[in-house]
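Read the structure below first, then the notes.
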Amino acid sequence: MWLSPEEVLVANALWVTERANPFFVLQRRRGHGKGGGLTGLLVGTLDVVLDSSARVAPYRILHQTQDSQVYWTVACGSSRKEITKHWEWLENNLLQTLSIFDSEEDITTFVKGKIHGIIAEENKNLQPQGDEDPGKFKEAELKMRKQFGMPEGEKLVNYYSCSYWKGRVPRQGWLYLTVNHLCFYSFLLGKEVSLVVQWVDITRLEKNATLLFPESIRVDTRDQELFFSMFLNIGETFKLMEQLANLAMRQLLDSEGFLEDKALPRPIRPHRNISALKRDLDARAKNECYRATFRLPRDERLDGHTSCTLWTPFNKLHIPGQMFISNNYICFASKEEDACHLIIPLRESSPAPQEVSEQPASPASPLSSRQSFCVQEVPTASQGLLKLFQKNSPMEDLGAKGAKEKMKEESWHIHFFEYGRGVCMYRTAKTRALVLKGIPESLRGELWLLFSGAWNEMVTHPGYYAELVEKSTGKYSLATEEIERDLHRSMPEHPAFQNELGIAALRRVLTAYAFRNPTIGYCQAMNIVTSVLLLYGSEEEAFWLLVALCERMLPDYYNTRVVGALVDQGIFEELTRDFLPQLSEKMQDLGVISSISLSWFLTLFLSVMPFESAVVIVDCFFYEGIKVILQVALAVLDANMEQLLGCSDEGEAMTMLGRYLDNVVNKQSVSPPIPHLHALLTSGDDPPAEVDIFELLKVSYEKFSSLRAEDIEQMRFKQRLKVIQSLEDTAKRSVVRAIPVDIGFSIEELEDLYMVFKAKHLASQYWGCSRTMAGRRDPSLPYLEQYRIDASQFRELFASLTPWACGSHTPVLAGRMFRLLDKNKDSLINFKEFVTGMSGMYHGDLTEKLKVLYKLHLPPALSPEEAESALEAAHYFTEDSSSEEALPQEEQEGSGSEERGEGKGTSSPDYRHYLRMWAKEKEAQKETIKDLPKMNQEQFIELCKTLYNMFSEDPMEQDLYHAIATVASLLLRIGEVGKKFSARTGRKPRDCATEEDEPPAPEPHQDAARELQPPAAGDPQAKAGGDTHLGKAPQETQVVVEGGSGEGQGSPSQLLSDDETKDDMSMSSYSVVSTGSLQCEDLADDTVLVGGEACSPTARIGGTVDTDWCISFEQILASILTESVLVNFFEKRMDVGLKIKDQKKVERQFSTASDHEQPGVSG
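Start counting at 1 in the sequence shown, then tack on 530, and there's your number in my numbering.
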């Protein structure tokens, strides 16, 4: 790259001059490349440790004048190729001009002006791309790409100086954090360490301090543990690593690839050493924290925050804290956690700025206009179901409970008067205390909407729910089927859901949500939670509460794999170890935690506790989040510790906990008691003592109140890594188990192949170009279908894994293999199809491998562009062969259907006929070589081209060329014989039988005899490679000869009679190929391979291929068996494990050798 000219006083310190002219010098950094001795080692070490290589590229060009001691840097380069390009430009464009100047000062001024002009021109072209990273950062990114072989699409986020502990020795170097990889490089006195780890492979990431490793970051993958320490700012580094690993987990979970957020605010002056990506990631983290703290919609963007004090009218004080401003809200959070929180929607604020601080104190509730947002078409739109079913029970008739409820309502109304009502209410420690005492029935729906943030989304999306209901009505999907099945299981004991009114409302809300969020759709437990939401709010309110629950408050809980619940289950296990260590081990032994936590967390205790008690927990949950659920769960275990320690198995522990929860009662509830189904099932002779829900909550806050929301988020990240990697391992095992046993690869090889296949799929998302089809992964699909690759990705994998390396022909062969494997023609293949293709090349005997190779040169593998005459030749094939396709399954099914068709034609089918059909479809049918269609001349030429390319790098190259030339010429003659037989049935008589053709007659006979002899003679190699389906050697010879007759109708004696031989040679005048000199190009262009050309001038006009010529697989197989060198080549065993290791290296090649080591680059 061109550099703005800067003075260099000592030009040769640590640099070696490689080229020079009167005005410029090209230099290479010592220690870069081969040689350099001790000085080179020291310079290389200094460059890495002191980060000089991030600023100083290994090559540079200096401008000099003869009498001056001052040099000016004008260009630098990370490779010889780059610097040579700049050097040549200077020589071609500036040298002549500079020689005209008289004054050295003028020369220097001119050079500097020219370089500044070039830089300005380059920058002008780059400006539209957005924020530019600082120069130093660009250098580091270039170095990272070169060092680790990363493509252009891989962006560096930040880099840090640190030590990597290799054994007990720290290696000082540089840690590069990119969007998809963690990379480390160290070079100390000739010892080099290079590490590349994908974020998606990390199973554990934590910051810890031990005696051996002082304050370090630990990174675990499935097969290694890495420790990094001696950071300047370990907190910042770890936070960034967490974010990047979290993004990778998110990608594995729901395929949302990393997208740079264009809506994030841009600073006017970018920081000097921070990349645009790092800044965006920081902004993203702040946004997520802001939205979570104030429960704001997902599209809210934080514009900025500042320290301030808030004047609070309720206690006449200035409260210090932070003010946050986003596009739709102004929020305030006090420094003390419970002192005061405030949310002011800008839609509610007065235009006068001085009145903003006073407005929240107004007790006027925005909820007073609630009815205007409701959907009138829905029968339950105006109020919760509870109000509809409890109209005739006035408070006065309920005695002490009614009075208590009245007091609660009065307390809340006083609170509203003091602290405001609605969205702009001041939320203080007093608000939490009131929530803990229980929200009155009449205010529950309103306060749930406020505390969850659902109200904000509802008022900003008027009519959205009604539209969804309209769109989703009558639509059928898997989600709607599951919803219908679960509707009558949702709180069947409650009167509101014992009639069509409640059921219909529940159906509409669940279906509308499934329609809004198809990635979640519907998950069991959503019906129970939604039915409770409907009791206290209208359908629209219940819908928006469900949105808040599924998308913000319980992230990933209700997807197909309930990842969120599993993550919180891991947190619960960790908290049990911390708070109840004596119980933790026993719970692990019993395996109880996994059983209880899912049912407790997914339904917020609603399915395991009496309804009127569970809603009190839901009250607290909407105010404080998941923290309350974890606290209550710990309190339940703590209360039952002695009994749990005495349990002998999981069943006993579950029964005991179930009975305890059944007896958690709410004595203040004014609702009529609802029989709890769980309680009926678990009731014993002596029920345990009743537990008051408010007492249980009080204990949970007293004992476990040290839990903080930030700590839970930190623990969630740690557990998410573990859970998602565990699910990925399960997916891998399931996919490997789904692969048939006869595929030939071991379990370990299949797992390695799966990881390579998955990495290729994910790479399309990383450097994810335009591959839209393979780009998105749908976790709802079966495991086998989740990762798929397209043709270009398959081509890359095929090139690195195939045992049949064909040089420049490899991509062509890969394209054919892809078309062969892509059975459903969707331009994507899954892992099973991929492994089937690989197995065909690695496993099986000679016949099986040749069968794969043969199919690769027939449609659909051979595309029309590659073989233009393939379609014409298809008309010549017999009906049975033309109707068969090259894919084994389709061939078998095709032949089966033909047989069934005949059966139907001859007799009326009975049930036994159908049973036979069914049995035939079920049994694994073996494909025989008879099923393969014949090959025309152009396809045969393509096959020969492939074989020639395949042998080009083999040690036995010359012998293989000789053998294949012999086989090719023999097969061409056999094809001519077939052509003659088919010509008898109504074709024109041949016009080229001349007596001159008789002399070479013995040659084909000898070749035919040679063809038949080795298998019959018992050549061990030939026998070993023989087709198992052919059985005995005599049958083999018969197949070869019959195949030669084109239609398979002739007998051996018929084919080999003198007359036949004579006729054969009389009509097949062509020059025999010189076996040692036949090259690949000859096969494509030379007329040598087309029989009948010498005597028939019209046979090939303008390079057309003889469409009457054809050859069968049996003939090719038998001909190859005559050449032991070919048999040995295809029988050779290859190890796929070595190829996989090489592939992993190639994916991100460590660039330890630089370009300058290649001779002749500079010309």
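We treat Cβ as the ideally placed atom computed from N, Cα and C, and that holds for glycine.
Practice task
Out of L712, I613, K644 and R558, point me to the one whose CA is closest to Q677's CA.
Solution key: Within the sequence shown, the letter at position 147 stands for residue 677. Checked all of L712, I613, K644 and R558; the closest Cα to Q677 is L712.
Handout entry: Buried versus exposed call for M771 [16 or more other C-beta atoms within 10 Å across all chains shown]
Key = Taking the sequence shown and counting its residues from 1, one reaches residue 771 at position 241. Counting Cβ neighbours within 10 Å, M771 comes out buried, since at least 16 surround it.
Practice task
Provide the residue span of the beta strand (DSSP E) that contains C838, from first to last.
Solution key: Residue mapping note: residue 838 aligns to position 308 of the sequence shown, counting from 1. First-last of the beta strand (DSSP E) with C838: L832 to T842.
Practice task
Could you tell me if E1472 is buried or exposed, where buried requires 16 or more neighbouring beta carbons within 10 angstroms of its beta carbon?
Solution key: Position 942 of the sequence shown, counting from 1, holds the residue named residue 1472. Buried, since its Cβ has 16 or more Cβ neighbours within 10 Å.
Handout entry: Beta-ladder partner(s) of A605, from DSSP
Key = By 1-based counting over the sequence shown, the position of residue 605 is 75. Per DSSP, W532 and I591.
Practice task
Mind reading off the beta-carbon distance from N1360 to E1315? Whole number of angstroms is fine, and I expect it under 8 angstroms.
Solution key: Along the sequence shown, read from residue 1 onward, the residue named residue 1360 stands at position 830. Along the sequence shown, read from residue 1 onward, the residue named residue 1315 stands at position 785. The Cβ separation is near 5 angstroms, so the contact holds.
Problem - Pair within 7 angstroms by beta-carbon distance, F1152 and F981 - result: Working through the sequence shown from its first residue, we reach residue 1152 at position 622. Working through the sequence shown from its first residue, we reach residue 981 at position 451. Yes, the pair counts as a contact, with Cβ atoms nearer than the cut-off.
Exercise for the section: Excluding the 5 residues preceding and the 5 following N1479 in the sequence, name in chain order all residues of the same chain whose CB lies nearer than 7 angstroms to its CB. Expected result: For this step, residue 1479 is matched to residue 949 along the sequence shown. Hits under 7 angstroms: C1336, G1337, H1339 and C1610.
Practice task
Determine the extent of the alpha helix (DSSP H) in which P875 is found, giving its start and end residues.
Solution key: For the purposes of this step, residue 875 is taken as the residue at position 345 of the sequence shown. It is not in any alpha helix (DSSP H) - P875 instead sits in the beta strand (DSSP E) that spans H871 to P875.
Exercise for the section: Buried or exposed for T639, please, with buried defined as at least 16 other CB atoms from any protein chain shown within 10 angstroms of its CB. Expected result: Against the sequence shown, residue 639 aligns to sequence position 109. It is exposed - the Cβ of T639 has fewer than 16 other Cβ atoms within 10 Å.
Handout entry: Spatially closest choice to P1390 from D1352, I1273, D1356 and L1380, by CA coordinates
Key = Mapped onto the sequence shown, residue 1390 falls at position 860. Cα-wise, what sits closest to P1390 is D1352.
Practice task
Would you identify the three-state DSSP class for S485, choosing helix, strand or coil?
Solution key: Any property of residue 485 remains undetermined from this structure, which presents the chain solely from 531 to 1693.
Handout entry: the stretch 1100–1116 in contact with the stretch 1028–1044 per 3-pair CB rule at 8 angstroms
Key = no
Practice task
Take S1201 and list the residues in its own chain whose beta-carbon comes closer than 6 angstroms to its own, dropping the five residues that flank it on each side.
Solution key: As a working note, residue 1201 is residue 671 in the sequence shown. Counting only Cβ-Cβ distances below 6 angstroms, and skipping sequence neighbours, we find E1142.
Practice task
Could you name the residues of the same chain whose beta carbon sits closer than 6 angstroms to that of I1494, not counting the 5 residues immediately before and after it, in chain order?
Solution key: Residue numbering aside, residue 1494 sits at position 964 when the sequence shown is read from its first letter. These residues qualify, in order along the chain: L1477.
Handout entry: N-terminal and C-terminal residue of the alpha helix (DSSP H) that Y1052 is part of
Key = By 1-based counting over the sequence shown, the position of residue 1052 is 522. Element bounds for Y1052: n/a, residue is neither H nor E.
Handout entry: alpha helix (DSSP H) runs wholly inside the stretch 1054–1078, at least 4 long, in chain order
Key = Listed in chain order, they are 1056–1066 and 1069–1078.
Problem - For E536, the nearest candidate out of V641, K1385 and G765 (CA to CA) - result: Numbered from 1 along the sequence shown, position 6 holds the residue referred to as residue 536. The candidate whose alpha carbon is nearest that of E536 is V641.
Practice task
Could you check which residue in D597, V1059, N710 and R590 has the C-alpha nearest to that of L1732?
Solution key: Look at the range of the chain in this structure, 531 to 1693, and you will see that residue 1732 is not part of it.
Practice task
With a 10 Å radius around its C-beta and 16 neighbouring C-beta atoms as the bar for buried, classify W841 as buried or exposed.
Solution key: To locate residue 841, count along the sequence shown from 1; it is residue 311. Classification for W841: exposed.
Practice task
Measure the alpha-carbon distance for P992 versus V1221 and round it to whole angstroms.
Solution key: Here residue 992 refers to the residue found at position 462 of the sequence shown. Here residue 1221 refers to the residue found at position 691 of the sequence shown. So the two alpha carbons sit approximately 43 angstroms from each other.
Exercise for the section: Go to P700, then tell me how far its beta strand (DSSP E) extends in each direction, as first and last residue. Expected result: One-based indexing of the sequence shown puts residue 700 at position 170. It spans V699 to T708 - the beta strand (DSSP E) in which P700 sits, taken as one unbroken run.
Exercise for the section: Run the CB neighbour count on E997, radius 10 Å, all protein chains shown included, and call it buried at 16 or more, exposed below. Expected result: The residue you call residue 997 lines up with position 467 of the sequence shown. E997 comes out exposed.
Exercise for the section: Mark D1192 as exposed unless 16 or more other C-beta atoms lie within 10 angstroms of its C-beta, in which case mark it buried. Expected result: Along the sequence shown, read from residue 1 onward, the residue named residue 1192 stands at position 662. The residue is buried, with at least 16 neighbouring Cβ atoms inside 10 Å.
Handout entry: Range covered by the beta strand (DSSP E) that runs through I732
Key = To locate residue 732, count along the sequence shown from 1; it is residue 202. Run containing I732: I732 to N738, per the beta strand (DSSP E) assignment.
Exercise for the section: Compare the Cα-Cα distances from L1386 to each of H1373, G1367, G1374 and L1376 and report the closest residue. Expected result: Taking the first residue of the sequence shown as 1, we reach residue 1386 at position 856. When each option's Cα is compared against that of L1386, the closest is G1367.
Handout entry: Run of the beta strand (DSSP E) containing H848, from where it starts to where it stops
Key = The residue given as residue 848 occupies position 318 in the sequence shown. That run of the beta strand (DSSP E) goes L847 to S856.
Problem - Check whether Y1088 and C1053 have beta carbons under 7 angstroms apart - result: Along the sequence shown, read from residue 1 onward, the residue named residue 1088 stands at position 558. Along the sequence shown, read from residue 1 onward, the residue named residue 1053 stands at position 523. In this structure, C1053 lies closer than 7 angstroms to Y1088 by Cβ.
Problem - Residues of its chain near G607, where Cβ-Cβ distance is below 6 angstroms and the 5 sequence neighbours each way are ignored - result: As a first step, residue 607 is located in the sequence shown; it is residue number 77 there, counting from the start. Only A587, Y589 and I613 meet the Cβ criterion.
Problem - Per DSSP, cross-strand counterpart(s) of Y694 - result: On the sequence shown, position 164 is the one that residue 694 refers to. Per DSSP, R701 and F758.
Exercise for the section: Evaluate the contact criterion for the stretch 1060–1071 versus the stretch 1224–1240: three or more CB pairs, one atom per stretch, below 8 angstroms. Expected result: no
Problem - C-alpha gap between A959 and W695, whole angstroms - result: If you number the sequence shown from 1, residue 959 lands on position 429. If you number the sequence shown from 1, residue 695 lands on position 165. Approximately 48 angstroms, taken between the alpha carbons.
Problem - Whole-number beta carbon distance between Q1099 and S1128, since they are thought to touch under 8 angstroms - result: Taking the sequence shown and counting its residues from 1, the one referred to as residue 1128 is at position 598. Taking the sequence shown and counting its residues from 1, the one referred to as residue 1099 is at position 569. The residue you asked about is not Ser; residue 1128 is Leu in the sequence shown. With a contact defined as Cβ atoms closer than 8 angstroms, L1128 and Q1099 qualify at about 7 angstroms.
Handout entry: Segment limits, beta strand (DSSP E) that includes V749
Key = Taking the first residue of the sequence shown as position 1, residue 749 is located at position 219. Unbroken beta strand (DSSP E) run through V749: S746 to T751.
Exercise for the section: Kindly indicate which three-state DSSP category R560 falls into: helix, strand or coil? Expected result: In the sequence shown, counting from the first residue as 1, residue 560 sits at position 30. Coil.
Exercise for the section: Could you name the residues of the same chain whose beta carbon sits closer than 7 angstroms to that of R549, not counting the 5 residues immediately before and after it, in chain order? Expected result: Here residue 549 refers to the residue found at position 19 when the sequence shown is read from its first residue. For R549, where only same-chain residues beyond five positions count, the Cβ hits under 7 angstroms are L556 and W617.
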